[in-house]
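Q: Numbering (our numbering), first residue to last: 45 to 393.
Note that the Cβ used here is the ideal one computed from N, Cα and C, for glycine as well.
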Ligand code: NAP
């Protein structure tokens, strides 16, 4: 049960990402010294939002170069840190050509690479790893086997593989490897955060964020003709950021933590956004399942994904995150409307 010195720098891997940018903002507002790793600190355009975040806050920010696939590249940035927040990992589900190279290697080797450096840097006392509910559950149909259709931190996703849902598979492998490495030593401890689908305003405006792109597609009319009957556990990006900081700073924090405010269908998400933005071209009916078998593959939905997810609801038990970290979840309607507003305002719509 380590106590983290708030005056020591905090290492934040993948600092420019959608979730990490909110972590950086909250740490800086808390007056912390943040060492954020990015792949290219010289890329002014990509890092501009991060540099802007530090302005006017009591904290300070330094950027370091590090790549998940380059052994030892996080070590310099880590030296002197007691807390490591490891968020960096590729998150995309479309356009995957080589899942081993694009997803599994950076997620798994990257986590081992970061933790090898943690083993080598004596100052580190705690690591918070951003895993996912994707490491807890595979397809929604698996909820049928669960009491009250509910997944808990005891569950592991055992159905995903390189060929079936490779992104979740990358998260399972990375989290399992992290637990193995944590249990093989006693100097630092591991706390894991398992967010559901993260939504809410983006600080970076980057076009490669899967979360941000989902809401852009919703309010941009991509599902105007009908949305698949899919269900999403949803959590606000600002709550996810706070959970990482609490997981890092709460001495007694331990184990895995599902973060989820509620589970909504595609149609319920659309209805919540429509209540504030009635003229947005949101879906107002379900896409028939038979149609999805025809058009799904063009949108990256395999037939087995359609079979095992369309029409299957599930729940995620968030009680441990509330009792162990003291998380209070924002209502999902607020998350969705804040996110939609930010996109509609920035697009001038
Ligand atoms: P994101 O905006 O796409 O950020 C991903 C981050 O990973 C970026 O900072 C990116 O760095 C970094 N990264 C990717 N490949 C890298 C490599 N080879 N070397 C170094 N850095 C690399 O995604 P996000 O939504 O914030 O996700 C952050 C974490 O949360 C991931 O671990 C993801 O699996 C997890 N998660 C996300 C969600 C969600 O719904 N968003 C839900 C559950 C879990 P660059 O800035 O250099 O591109």
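What is the rounded straight-line gap between the Cα of residue 140 and the Cα of residue 383?
A: The residue given as residue 140 occupies position 96 in the chain shown. The residue given as residue 383 occupies position 339 in the chain shown. So the two alpha carbons sit approximately 26 Å from each other.
Q: If you reduce the DSSP assignment to three classes, tell me which class residue 206 lands in.
A: Along the chain shown, read from residue 1 onward, the residue named residue 206 stands at position 162. Coil at residue 206, not helix or strand.
Q: Count the other CB atoms within 10 Å of the CB of residue 256; is the residue buried (16 or more) or exposed (fewer)?
A: On the chain shown, position 212 is the one that residue 256 refers to. In the assembly as shown, residue 256 is a buried residue. Its beta-carbon has 16 or more other beta-carbons within 10 Å.
Q: Hey, is the region 280-289 in contact with the region 352-361, meaning 3+ C-beta pairs nearer than 8 Å?
A: no
Q: Using beta-carbon positions only, say whether residue 351 and residue 237 come within less than 9 Å of one another.
A: As a working note, residue 351 is residue 307 in the chain shown. As a working note, residue 237 is residue 193 in the chain shown. The answer is no: Cβ separation not under 9 Å.
Q: Does at least one heavy atom of ligand 1 sit under 8 Å from the Cβ of residue 131?
A: The residue given as residue 131 occupies position 87 in the chain shown. Checking the Cβ of residue 131 against ligand 1 gives yes.
Q: Since residue 274 and residue 222 should fall inside the 8 Å C-beta cutoff, what is the C-beta to C-beta distance between them, to a whole number of angstroms?
A: The count along the chain shown starts at 1 and reaches residue 274 at position 230. The count along the chain shown starts at 1 and reaches residue 222 at position 178. About 29 Å separates the two Cβ atoms, so there is no contact after all.
Q: Locate the alpha helix (DSSP H) running through residue 290, then write down its first and last residues.
A: Translated into positions along the chain shown, residue 290 becomes position 246. Residue 290 -> alpha helix (DSSP H) spans 281-293.
Q: From the DSSP output, read off the bridge partner residues of residue 236.
A: On the chain shown, position 192 is the one that residue 236 refers to. DSSP, once it has assigned bridges, lists 173 and 300 as partnering residue 236.
Q: Just checking residue 60 against ligand 1 - is the residue's beta carbon closer than 8 Å to any of the ligand's heavy atoms?
A: Working through the chain shown from its first residue, we reach residue 60 at position 16. At least one heavy atom of ligand 1 sits closer than 8 Å to the Cβ of residue 60.
Q: Can you tell me whether residue 63 sits near ligand 1, meaning its C-beta is under 8 Å from at least one heavy atom of the ligand?
A: Sequence index remark: in the chain shown, residue 63 carries index 19 (1-based). Yes.
Q: Quick check: does the Cβ of residue 89 come within less than 8 Å of any heavy atom belonging to ligand 1?
A: Along the chain shown, one-based indexing puts residue 89 at 45. Result no, Cβ not under 8 Å from ligand 1.
Q: What I want to know is whether the C-beta of residue 134 ends up closer than 8 Å to one or more non-hydrogen atoms of ligand 1.
A: Taking the chain shown and counting its residues from 1, the one referred to as residue 134 is at position 90. Because some heavy atom of ligand 1 lies under 8 Å away, the Cβ of residue 134 counts as near it: yes.
Q: DSSP has residue 130 in a bridge; who is on the other side?
A: Residue mapping note: residue 130 aligns to position 86 of the chain shown, counting from 1. DSSP output for residue 130 lists 57 and 173 as bridge partner(s).
Q: Within the present structure, is the beta-carbon of residue 210 separated from the nearest heavy atom of ligand 1 by less than 8 Å?
A: The residue given as residue 210 occupies position 166 in the chain shown. Incorrect: residue 210 has no Cβ contact closer than 8 Å to ligand 1.
Q: Using beta-carbon positions only, say whether residue 157 and residue 112 come within less than 9 Å of one another.
A: Here residue 157 corresponds to residue number 113 of the chain shown, with the count starting at 1. Here residue 112 corresponds to residue number 68 of the chain shown, with the count starting at 1. Yes, the Cβ-Cβ distance between residue 157 and residue 112 is below 9 Å.
Q: Please state whether the Cβ-Cβ distance between residue 267 and residue 331 is less than 9 Å.
A: Position 223 of the chain shown holds residue 267. Position 287 of the chain shown holds residue 331. Contact: yes.
Q: Taking residue 211 as the reference, give the member of 104, 346, 148 and 374 with the closest Cα.
A: Here residue 211 corresponds to residue number 167 of the chain shown, with the count starting at 1. Comparing C-alpha distances from residue 211 to each of 104, 346, 148 and 374 shows the shortest one belongs to 148.
Q: Given that a residue counts as buried once 16 or more other Cβ atoms are within 10 Å of its Cβ, and exposed if not, what is residue 262?
A: For the purposes of this step, residue 262 is taken as the residue at position 218 of the chain shown. With 16 or more other Cβ atoms within 10 Å, it is buried.
Q: Using the beta-carbon count (16 or more within 10 Å), is residue 197 buried or exposed?
A: Against the chain shown, residue 197 aligns to sequence position 153. Counting Cβ neighbours within 10 Å, residue 197 comes out buried, since at least 16 surround it.
Q: Considering only C-alpha positions, which residue in the set 301, 81, 88 and 92 is nearest to residue 118?
A: Working through the chain shown from its first residue, we reach residue 118 at position 74. The shortest Cα separation from residue 118 among 301, 81, 88 and 92 belongs to 81.
Q: Would you mind reading off the limits of the alpha helix (DSSP H) that contains residue 114?
A: The sequence position of residue 114 within the chain shown is 70, counting from 1. It is not in any alpha helix (DSSP H) - residue 114 carries neither H nor E in the DSSP assignment.
Q: Within 10 angstroms of its Cβ, does residue 60 collect 16 or more other Cβ (buried), or is it exposed?
A: If you number the chain shown from 1, residue 60 lands on position 16. Answer is buried; the Cβ neighbour count reaches 16.
Q: What do you reckon, is the C-beta of residue 9 under 8 Å from a heavy atom of ligand 1?
A: In the structure displayed, the chain extends from 45 to 393; residue 9 sits before or after that span and is not available.
Q: If the criterion is Cβ atoms closer than 9 Å, does the pair residue 242 and residue 292 meet it?
A: In the chain shown, the residue the question calls residue 242 occupies position 198. In the chain shown, the residue the question calls residue 292 occupies position 248. No; because the gap between Cβ atoms is not below 9 Å, this pair is not in contact.
Q: On a CA-only basis, which of 229, 133, 379 and 289 is nearest residue 370? Give me that one, please.
A: Here residue 370 corresponds to residue number 326 of the chain shown, with the count starting at 1. Ranking the options by Cα distance to residue 370, first place goes to 289.
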